[in-house]
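In the working numbering, the protein residues as written are 16 to 175.
See structure below.
As structure tokens, this is what we get:
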């Protein structure tokens, strides 16, 4: 008796010199960067807000979250990856979009990435390289928490 493994699709993105994977199921679209509107009293990982077809979306600076090094890519390569998870939507600012990939669930394992944030918990082995998989839900939750901490640090409260 064999056990069927589930197949997944993803796309790699570059943040500085880091290459991480996003699951296709979490991606709504990929767009060219547009001007952001700054939001006062927020963590620096929130670049600002953008308007996309009548919706206002936060833009998350993955470079700051992942402590990424200088990017080897040009500004022409930059993209916003619009992601959704748990009914929350955000734009992820990435330095470049890489290749698509598919993998079976048996290629997926717990990540050995040294990550204190919990946004990278899984990794996949692909053609001799290990690709860390970004958990979009945890990323959005982390950014919300960082913004709340920033506001509380200066005494700002939504209930005041």
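Ideal placement from N, C-alpha and C gives every residue a C-beta, glycine not left out.
Taking the CB atoms as reference points, tell me whether residue 96 and residue 107 lie closer together than 8 angstroms.
-> The residue you call residue 96 lines up with position 81 of the chain shown. The residue you call residue 107 lines up with position 92 of the chain shown. Yes.
Beta strand (DSSP E) containing residue 21: first to last residue?
-> Stepping through the chain shown from its first residue, residue 21 is reached at position 6. Where residue 21 is concerned, there is no enclosing beta strand (DSSP E), given that its DSSP letter is neither H nor E.
Should residue 16 be labelled buried (16 or more other beta-carbon atoms within 10 Å of its own) or exposed?
-> Within the chain shown, numbered from 1, the residue matching residue 16 stands at position 1. Its pLDDT being 39, under 50, residue 16 is placed unreliably by the model, and the measurement read from it follows with that caveat. Classification for residue 16: exposed.
Among residues of its own chain, excluding the 5 on either side of residue 76, which ones have a beta-carbon nearer than 6 angstroms to its beta-carbon?
-> Your numbering for residue 76 matches position 61 in the chain shown. Contacts found: 60, 62 and 108.
How many angstroms separate the CA atom of residue 51 from the CA atom of residue 72?
-> The count along the chain shown starts at 1 and reaches residue 51 at position 36. The count along the chain shown starts at 1 and reaches residue 72 at position 57. Between residue 51 and residue 72, the C-alpha separation is close to 10 angstroms.
Could you tell me which residues DSSP puts in a beta bridge with residue 218?
-> With the chain covering 16 to 175 only, the question about residue 218 has no answer from this structure.
Close beta carbons around residue 7, own chain, < 6 angstroms, minus the five adjacent residues each side = Absent from the model: residue 7. The displayed extent of the chain is 16 to 175, so no value can be given.
If you run the structure through DSSP and keep just helix, strand and coil, what is residue 111?
-> As a first step, residue 111 must be located in the chain shown, where it is residue number 96. Of the three classes helix, strand and coil, the one that applies to residue 111 here is strand, per DSSP.
Tell me where the alpha helix (DSSP H) around residue 32 begins and ends.
-> Reading the chain shown from its first residue, position 17 is the one you call residue 32. It is not in any alpha helix (DSSP H) - residue 32 carries neither H nor E in the DSSP assignment.
Given a threshold of 16 other Cβ atoms within 10 Å of its Cβ, counted over all protein chains shown, does residue 135 qualify as buried or as exposed?
-> Walking along the chain shown from the start, residue 135 turns up at place 120. Label assigned to residue 135: buried.
CB contact flag (residue 94, residue 34, <8 angstroms) | Counting from one through the chain shown, the residue named residue 94 turns up at place 79. Counting from one through the chain shown, the residue named residue 34 turns up at place 19. Not in contact: residue 94 and residue 34 (Cβ atoms no closer than 8 angstroms).
State buried or exposed for residue 158, treating a residue as buried only when at least 16 other CB atoms are found within 10 Å of its CB.
-> Locating residue 158 in the chain shown gives position 143, counting from the first residue. Per the 10 Å Cβ criterion, buried.
Short Cβ contact (8 angstroms threshold) for residue 41 with residue 99 = Counted from its first residue, the chain shown places residue 41 at position 26. Counted from its first residue, the chain shown places residue 99 at position 84. Yes, these two residues count as a Cβ contact at 8 angstroms.
Kindly indicate the opening and closing residues of the alpha helix (DSSP H) around residue 163.
-> Here residue 163 refers to the residue found at position 148 of the chain shown. Looking at the DSSP string, the run of the alpha helix (DSSP H) that includes residue 163 is 151-168.
Residue 94 lies in the beta strand (DSSP E); which residues open and close that run?
-> As a position in the chain shown, residue 94 is number 79, starting the count at 1. Run containing residue 94: 94-100, per the beta strand (DSSP E) assignment.
Buried or exposed for residue 74, please, with buried defined as at least 16 other CB atoms from any protein chain shown within 10 angstroms of its CB.
-> Counting from 1 along the chain shown, the entry for residue 74 is found at position 59. Residue 74 is buried by the Cβ-count criterion.
Assign residue 43 to one of three DSSP states: helix, strand, or coil.
-> Translated into the one-based positions of the chain shown, residue 43 becomes position 28. It is a strand residue.
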